[in-house]
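Visitor:
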Amino acid sequence: MAHLSRRLAMMPRDYRLRDADDGDFDILYRIHRTAIGPYVEQTWGSWDDDAQRQYWRDRFSPARIQVIETEDGTAGYLELVVHPDHLEVANIELSPRNQRRGIGTSLLRSILEEAQSLHHPVRLQVLKVNPAHRLYERLGFVQTGETDTHYLMAFGR
Numbered sequence: 019m020a021h022l023s024r025r026l027a028m029m030p031r032d033y034r035l036r037d038a039d040d041g042d043f044d045i046l047y048r049i050h051r052t053a054i055g056p057y058v059e060q061t062w063g064s065w066d067d068d069a070q071r072q073y074w075r076d077r078f079s080p081a082r083i084q085v086i087e088t089e090d091g092t093a094g095y096l097e098l099v100v101h102p103d104h105l106e107v108a109n110i111e112l113s114p115r116n117q118r119r120g121i122g123t124s125l126l127r128s129i130l131e132e133a134q135s136l137h138h139p140v141r142l143q144v145l146k147v148n149p150a151h152r153l154y155e156r157l158g159f160v161q162t163g164e165t166d167t168h169y170l171m172a173f174g175r
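The C-terminal residue of the sequence shown carries number 175 in the working numbering, and the numbering is unbroken.
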């Protein structure tokens, strides 16, 4: 992932990526809560903050996370997993004030360019109630399946 992260970090844009560390837990959890909380509530009926925080703590892995920063501070995070045969956007979340500013589009385009250079498809899943699925479709992702709660999407092969 280090090679991929360096290449993504060198691409020009209005944000920068940096490796996450343990000190990012609280701010990234707050961003997660505000970015995804409403969709969790729509999908499952409620947000149990204690359970969600514990779930977040159990799966928080700074080695897999890039923090998205703008001149205003921490804007969100990207969790990109490199598999032998594809790239997986495990999470891409932006704080509400940083949504609809082109950051997600720019970041995803950079990931798609990198994936194409590696001849890898990109896969992700998105909650059905999350309007981000329209962004993914605009960028060329297609639905490859679904669960009760998520659309499974892919770009490339």
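Virtual Cβ for every residue (Gly too), placed ideally from N, Cα, C.
#1: Report buried or exposed for residue 134, applying the criterion of at least 16 other Cβ atoms within 10 angstroms of its Cβ.
#2: Does the Cβ of residue 55 lie closer than 7 angstroms to at least one heavy atom of the ligand NAP?
#3: Hey, how far is the Cα of residue 156 from the Cα of residue 41?
#4: Taking only runs of the alpha helix (DSSP H) that begin and end inside the stretch 39 to 125, which ones reach a length of at least 4 residues, in chain order?
#5: Span of the beta strand (DSSP E) holding residue 168?
#6: Please report the distance separating the alpha-carbon of residue 136 from that of residue 56.
#7: Any idea which residues DSSP pairs residue 164 with across the strands?
#8: Using DSSP with H/G/I as helix, E/B as strand and the rest coil, what is residue 157?
#9: Give the range of the beta strand (DSSP E) segment to which residue 37 is assigned.
#10: Please list the terminal residues of the continuous beta strand (DSSP E) segment that includes residue 144.
#11: Tell me, please, whether the stretch 89 to 96 touches the stretch 45 to 54 by the rule of three or more beta-carbon pairs shorter than 8 angstroms.
#12: Report the rounded CA-to-CA distance for residue 120 versus residue 69, giving the unit in angstroms.
Guide: Result, derived from the coordinates:
#1: In the sequence shown, counting from the first residue as 1, residue 134 sits at position 116. Residue 134 comes out exposed.
#2: In terms of ligand content, the structure shown is empty, and the ligand NAP therefore cannot be addressed.
#3: Position 138 of the sequence shown holds residue 156. Position 23 of the sequence shown holds residue 41. Whole-angstrom Cα-Cα distance: 35 angstroms.
#4: 43 to 62, 67 to 77
#5: By one-based count along the sequence shown, residue 168 stands at place 150. Residue 168 -> beta strand (DSSP E) spans 168 to 173.
#6: Against the sequence shown, residue 136 aligns to sequence position 118. Against the sequence shown, residue 56 aligns to sequence position 38. Near 35 angstroms, if we compare the C-alpha coordinates of residue 56 and residue 136.
#7: As a first step, residue 164 must be located in the sequence shown, where it is residue number 146. DSSP output for residue 164 lists 169 as bridge partner(s).
#8: On the sequence shown, position 139 is the one that residue 157 refers to. Residue 157: coil per DSSP, three-state reduction.
#9: Position 19 of the sequence shown holds residue 37. 34 to 37 is the extent of the beta strand (DSSP E) around residue 37.
#10: Translated into positions along the sequence shown, residue 144 becomes position 126. Looking at the DSSP string, the run of the beta strand (DSSP E) that includes residue 144 is 140 to 145.
#11: yes
#12: Looking up residue 120 in the sequence shown gives position 102. Looking up residue 69 in the sequence shown gives position 51. Computed Cα separation, rounded: 32 angstroms.
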